[in-house]
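2 protein chains.
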Amino acid sequence: MKDIRQKLVEQLRTGNCTPRIALLARKLKEPSTTLHYNIKKLEREGAILGYKAVFDHRKIGGGFTAFVLLTLSPDEYGDPERLANEFAKHPQIESVDIITGDWELILKVRTKDQDDYFEFVKKVISKKGVTKIKTLTSLRQMKSEFVEL
Amino acid sequence: MKDIRQKLVEQLRTGNCTPRIALLARKLKEPSTTLHYNIKKLEREGAILGYKAVFDHRKIGGGFTAFVLLTLSPDEYGDPERLANEFAKHPQIESVDIITGDWELILKVRTKDQDDYFEFVKKVISKKGVTKIKTLTSLRQMKSEFVEL
DNA sequence: TAAATAATTGAATATCATTCAATCCTATGA
DNA sequence: TCATAGGATTGAATGATATTCAATTATTTA
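Chains as they are written, first to last, in numbering that gives the first Met the number 0: chain C, 0 to 148; chain X, 0 to 148.
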């Protein structure tokens, strides 16, 4: 048996999907060519960045979810985007935001379990420039990516 | 001119998309029927919850993003899910998590601007059961929904 | 080891996205 | 008011794709 599952998840997580124009045409009672035109326009304008699958992460080896608050050392203050971009590269990280207040960055992280998360914090998050880390562990997700769970 | 744009955004925000099997078949060098079978299986198992568009929220009237930390009154302590589910219904709310630590809930909220956000806090978030609200305003998003921006 | 169940796959079909050209609408300026 | 140009809408035709089906192969179960 091939292990296609993992490859599929990898591909569908960030793209490789497309809108169902014919279905939308029926729902909205509009000609599909009109919808096609308007969707392409949204894409051209950069309003639509892509199409992707939404997963129940518990079922694809991402049972642990946490929000991570970070403060940066004064030398990173001027350019928090450098570190933020570095974090963004990791597939375990769902979102990266530079924020106001007592913390500079907030990350949303998905790992298999708490052990995995601890390893991830040690290897990826704890780096020069990060002076303080606070983890808010998700006990229950009610909504994610605008989808109610 | 019809205003289809808003209706499309509404529909594509949470679903009405589908995987591009033929494209994946070329990428992964597997027969499209095999991929079709495996994708349907992921759907049946509930691992895939749906397919949706990813937006640049700044271009569809959601220029303001914030993470909202909430503490609940002792009487809501026992059943934070009730309030969480209520929040989840609002389209401005991207995610709702029940968390550990000093706060009980974290929301990710998208509104047009800060004024809109203030209205939203007053009308929706400030309700009986919520005793403390802390807003972390996003100044810059580097990644969202696993998509680098 | 046999039988049952699950997974893979090519061929055929049904559905759909996309293209194209014609038409309509809207904004702009004389 | 009218003419014009660019954008938006749409039906018909086409090309591409998802889906179904049946046959085969692999894996699990008893």
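Ideal placement from N, C-alpha and C gives every residue a C-beta, glycine not left out.
Since the model is a prediction, treat every value here as computed from it, not as a measurement.
Ranked by Cα distance from X:R25, the first of C:R12, C:D96, C:P18 and C:K6 is C:K6.
Here X:E144 is buried: its Cβ has 16 or more other Cβ atoms, across all protein chains shown, within 10 Å. Residue range P79 to A87 is occupied by the alpha helix (DSSP H) that includes X:L82. In terms of Cα proximity to X:T64, the closest of X:K127, X:V120, X:L34 and X:E9 is X:V120. About 17 Å separates the Cβ atoms of C:A83 and X:D55, ruling out a contact at the 8 Å cut-off.
Between C:L23 and C:L34, the CB-CB gap stays under 8 Å. Counting C-beta atoms within 10 angstroms of its own C-beta, X:E75 has 16 or more neighbours from the protein chains shown and is therefore classed as buried. X:P18 carries a strand assignment under DSSP once its states are collapsed to helix, strand and coil. Among the residues facing chain C, X:Q113 is not included, as its CB has no counterpart in that chain under 8 Å away. Taking 8 Å as the cut-off between beta carbons, the residues of the stretch 92-104 of chain X near chain C are I92, E93, S94, V95, D96, I97, I98, T99, G100 and W102, in sequence order. Taken through DSSP and simplified to helix, strand or coil, C:S125 comes out as coil. Within the same chain, and ignoring the five residues on either side of C:I59 in sequence, the residues whose Cβ sits closer than 8 Å to its Cβ are V8. Around the beta-carbon of C:S72, fewer than 16 other beta-carbon atoms lie within 10 Å, marking it exposed.
Spatial neighbours of C:T70 in its own chain (CB-CB distance under 7 Å, excluding positions within 5 residues in sequence) are listed in chain order as W102, E103, T130 and K131.
By the neighbour-count criterion, in which a residue is buried when 16 or more other Cβ atoms sit within 10 angstroms of its Cβ, C:L135 is buried.
Sixteen is the threshold: since fewer than 16 other Cβ atoms of the shown chains lie within 10 Å of the Cβ of C:R43, the residue is exposed. Of the candidates C:Q140, C:L11 and C:Q91, C:L11 places its Cα closest to the Cα of X:G49. Beta-bridge partners assigned by DSSP to C:I97: C:L104 and X:R139.
Rounded to the nearest whole angstrom, the C-alpha separation of X:D115 and X:G61 is 10 Å. Nearest Cα to C:I105 within the set X:I92, X:M141 and X:Y36: X:M141. Chain X places no beta carbon closer than 8 Å to that of C:G62, leaving this residue out of the contacts. DSSP places X:K39 inside the alpha helix (DSSP H), whose first and last residues are S31 to E44. When the alpha-carbon of X:S137 is set against those of C:D96, C:D78 and C:D2, the nearest one is in C:D96.
The C-beta of X:G45 comes closer than 8 Å to at least one C-beta of chain C. Contact between C:F66 and X:I98 holds: their C-beta atoms lie close to 7 Å from each other, under 8 Å. X:E147 sits in a strand when the DSSP states are folded into three classes. Taking 8 Å as the CB threshold, X:I59 lines the interface with chain C. For X:K6, there is no enclosing beta strand (DSSP E); the residue is found in the alpha helix (DSSP H) stretching over I3 to L11.
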